[in-house]
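*Asks:* Residue numbers in the sequence shown follow the numbering used here, run continuously in steps of one, and reach 423 at the last position.
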Amino acid sequence: MKIGSPEGKLGILIPGLGAVSTTFIAGVDAIIKGRTAPFGSLTQMATIRLGKRTDNRTPKIKDFVPLARLEDLVFGAWDLFPDNGYESALNAQVLSPADLEAARPALEAVKPMKAVFDRRYVKKLDGPHVKSGANKMELAEQLIEDIERFRKLNQTSREVMIWAASTEIYIEASDVHSSLEKFEAGLRNNDPKIPSSMIYAYAALKSGIAFINGAPNLTVDIPAMQELANKMGAPIAGKDFKTGQTLIKTILAPGLKARMLGVDGWFSTNILGNRDGEVLDDPESFKTKEVSKKGALDYIFQPTLYPELYKNLYHKVRINYYPPRGDSKEGWDNIDIFGWMGYKMQIKVDFLCRDSILAAPIVLDLVLFADLAQRAGMKGIQEWLSFYFKSPHVAPNLYPEHDLFIQLIKLKNTLRWMMNEEPITHLGQEYYNEYQ
Ligand SMILES: NC(=O)c1ccc[n+]([C@@H]2O[C@H](COP(=O)([O-])OP(=O)(O)OC[C@H]3O[C@@H](n4cnc5c(N)ncnc54)[C@H](O)[C@@H]3O)[C@@H](O)[C@H]2O)c1
């Protein structure tokens, strides 16, 4: 496979300059300047085995595939609040004063452009830094102009857009989403089924830029966007970063299933107090998140294949907005399982996590991999990036793979395939050959 060079600057365009994006930008600065190691990032820390185990070839992923260098990243953002990255990070209260001060120049350099925002889609937010236009197509055109200006100003050679803005209300795919032609007519007619996130995605794809969806919004999960992505040669991936509780779920559930242990119930509840939590306090935004969070267990446990073990699984997810906790979320899981002769057991998980600390390295990996994919000529849905998402985006005729370990194998085998290396099947080839 021929992969274009990563030379030149890579623009990272981010709708939403909140907790996740500012933590990401501050962390990249800290890594470049040597203040921290890139904990949590596969692109920076993980290795990949090539060939047989006896070959002893295990380079770091970043030395194996041609990724953009962190020094070449430049950031641009949109937000409905005019605060620069430093002010927004202060407000988000994720990082310590010392870490914020050290990253201050990098954060202050990011001044958000005016947002495309409509309160109908995020009921709990309102801000002054918002574009206006006669219709949604005009708003998309203004975003396209923003992108063009950013390109010129920063002399970027490539860009990736990643959505780190708020969760919108639940929207189902409908006729206006079914083709590019209908969607463009919908933009001109101000169709209410086109929320702000779709206007950003349209602007990115129309500009030939990859779009990654960090929230559970429908955004690019519709035929119109897939058509546009394929036409423009742009990758799309989503949705909803797999960070706290769902990460733990997709680590534990495959293990229970591997040992054929049954599960009667899985109750997950959270308290969190950041702006994301406040937005999710609105039932319509929560519904979007709930749908995204609930899918994982069904797909991992495959109750139709294993009815005795998982048919009656009762899965409940709750998110409670609790301001004193800020970004330091607490997630509890109670798992009711059963084993030999049906005897019941329980597992309790209490994860005191930090949402944005878990999300930031995912943002880094996704922008680097999306850029790599685009340089390799891979367009449309990037299923190999499922590893990073709560609700992986797959082709309409496929079911998503949620098992973190299968997702990792898929990701690494895709990298091997891109670099013309053999996929690793874990078959034990040396023994296999011996017994032929
Ligand atoms: N932190 C995590 O672990 C995690 C995991 C999965 C998904 N997410 C999703 O990532 C997103 C960001 O999370 P966060 O904690 O940074 O939230 P946040 O509230 O701190 O930041 C979101 C920012 O987006 C802005 N915004 C909202 N609508 C916008 C629009 N139309 N255009 C431009 N800006 C807009 C808000 O003003 C805010 O500054 C949320 O949708 C969240 O659900 C986060």
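Glycine included, each C-beta is placed from N, C-alpha and C at the ideal position.
Small disclaimer: the values here were computed from a predicted structure and weren't measured.
#1: Quick test of the definition: if touching needs 3 or more C-beta pairs under 8 Å, does the stretch 224 to 237 touch the stretch 367 to 377?
#2: To which residues does DSSP link L259 through a beta bridge?
#3: Taking just the CA atoms, how far does I12 sit from I1?
#4: Suppose the cutoff is 6 Å on Cβ atoms and the five residues either side in sequence are ignored; what does the same chain contact list for E265 look like?
#5: If I follow the unbroken beta strand (DSSP E) through A64, where does it start and stop?
#6: Please state whether DSSP places H302 in a helix, a strand or coil.
#7: Compare the beta carbon distance of A76 and L82 with 8 Å and say whether it is the shorter of the two.
#8: What residue does the alpha helix (DSSP H) around N141 start on, and which one ends it?
#9: If you drop the 5 nearest sequence neighbours on each side, which residues of the same chain put their C-beta closer than 8 Å to that of F376?
#10: Tell me the rounded alpha-carbon separation between S194 and P294.
#11: Nearest to V381 by alpha carbon, out of L239, D208, G3?
#12: Using 8 Å as the Cβ pair cut-off and three pairs as the minimum, do the stretch 297 to 311 and the stretch 245 to 253 touch?
#13: Let me know the secondary structure DSSP gives T34 once reduced to three states.
#14: Kindly examine ligand 1 and report whether one of its heavy atoms sits closer than 7 Å to the Cβ of N307.
#15: With a Cβ-Cβ cutoff of 8 Å, do Q333 and D323 count as a contact?
#16: In three-state terms, what does DSSP make of E146?
#17: Please confirm if V250 has its CB atom under 8 Å from at least one CB of chain C.
#18: Return the CA-CA distance between A17 and L259, expressed in angstroms with no decimal places.
#19: Output needed for A188: all residues of its chain with C-beta closer than 7 Å, excluding positions within five of it in sequence on either side, in chain order.
#20: One question on the structure: do L267 and I306 come within less than 8 Å of each other, judged by their Cβ atoms?
#21: Given this structure, state the Cα-to-Cα distance separating N71 from A102, to the nearest angstrom.
#22: Comparing C-alpha positions only, which one of R246, F51, K316 sits nearest to L29?
#23: Based on DSSP bridge pairs, tell me the residues matched to K316.
#24: If L355 and L4 are in contact, beta carbons under 8 Å, what's the gap, nearest whole angstrom?
#25: Grab me the residues of D358's own chain with a C-beta within less than 8 Å of its C-beta, minus the 5 sequence neighbours each way, in chain order.
#26: In angstroms, rounded to a whole number, what distance separates the CA positions of Q152 and R107?
*Replies:* Looking at the coordinates:
#1: yes
#2: Position 272 of the sequence shown, counting from 1, holds the residue named residue 259. L259 is bridged to Y308.
#3: Looking up residue 1 in the sequence shown gives position 14. Looking up residue 12 in the sequence shown gives position 25. If I take the Cα positions, the gap works out to 11 Å.
#4: The sequence position of residue 265 within the sequence shown is 278, counting from 1. So the qualifying residues of the chain are K111, Y308.
#5: Position 77 of the sequence shown, counting from 1, holds the residue named residue 64. Taken as a continuous stretch (DSSP letters only), the beta strand (DSSP E) holding A64 covers 60 to 66.
#6: Position 315 of the sequence shown, counted from the start, is the residue given in the question as residue 302. It is a strand residue.
#7: In the sequence shown, residue 76 corresponds to position 89, counting from 1. In the sequence shown, residue 82 corresponds to position 95, counting from 1. Taking 8 Å as the Cβ cut-off, A76 and L82 qualify as a contacting pair.
#8: Within the sequence shown, the letter at position 154 stands for residue 141. Note, N141: alpha helix (DSSP H), 123 to 141.
#9: By 1-based counting over the sequence shown, the position of residue 376 is 389. These residues qualify, in order along the chain: A224, G225, K226, D227, F228, K229.
#10: The residue given as residue 194 occupies position 207 in the sequence shown. The residue given as residue 294 occupies position 307 in the sequence shown. Distance between the alpha carbons of S194 and P294 is about 47 Å.
#11: Mapped onto the sequence shown, residue 381 falls at position 394. The option with the nearest alpha carbon to V381 is D208.
#12: yes
#13: Position 47 of the sequence shown, counting from 1, holds the residue named residue 34. Looking at T34 - three-state DSSP - the assignment turns out to be strand.
#14: For the purposes of this step, residue 307 is taken as residue 320 along the sequence shown, with counting starting at 1. No, the Cβ of N307 stays beyond 7 Å of every heavy atom of ligand 1.
#15: Start at 1 with the first residue of the sequence shown, and residue 333 comes out as number 346. Start at 1 with the first residue of the sequence shown, and residue 323 comes out as number 336. It is a contact, given that the beta carbons lie within the stated cut-off.
#16: Here residue 146 refers to the residue found at position 159 of the sequence shown. It is a strand residue.
#17: Chain labels in this structure do not include chain C; a single protein chain is all it has.
#18: Within the sequence shown, residue 17 is the residue found at index 30, counting from 1. Within the sequence shown, residue 259 is the residue found at index 272, counting from 1. Taking the straight line joining both Cα atoms gives about 26 Å.
#19: Here the question's residue 188 lines up with position 201 in the sequence shown. F198, T206, V207, M212.
#20: In the sequence shown, the residue the question calls residue 267 occupies position 280. In the sequence shown, the residue the question calls residue 306 occupies position 319. Yes.
#21: What you label residue 71 is simply residue 84 of the sequence shown in a count that begins at 1. What you label residue 102 is simply residue 115 of the sequence shown in a count that begins at 1. Computed Cα separation, rounded: 13 Å.
#22: Numbered from its first residue, the sequence shown carries residue 29 at position 42. It is F51 whose Cα lies nearest to the Cα of L29.
#23: Here residue 316 refers to the residue found at position 329 of the sequence shown. Paired residues: C340.
#24: Position 368 of the sequence shown, counted from the first residue, corresponds to residue 355. Position 17 of the sequence shown, counted from the first residue, corresponds to residue 4. Going by Cβ atoms, the distance from L355 to L4 rounds to 20 Å, so no, they are not a contact pair.
#25: For the purposes of this step, residue 358 is taken as residue 371 along the sequence shown, with counting starting at 1. Answer for D358: P(-7), L(-3), L54, A55, R145, V147, A197, listed in chain order.
#26: For the purposes of this step, residue 152 is identified with residue 165 of the sequence shown, where counting begins at 1. For the purposes of this step, residue 107 is identified with residue 120 of the sequence shown, where counting begins at 1. Checking the displayed sequence, the identity of residue 152 turns out to be Ala instead of Gln. Whole-angstrom Cα-Cα distance: 15 Å.
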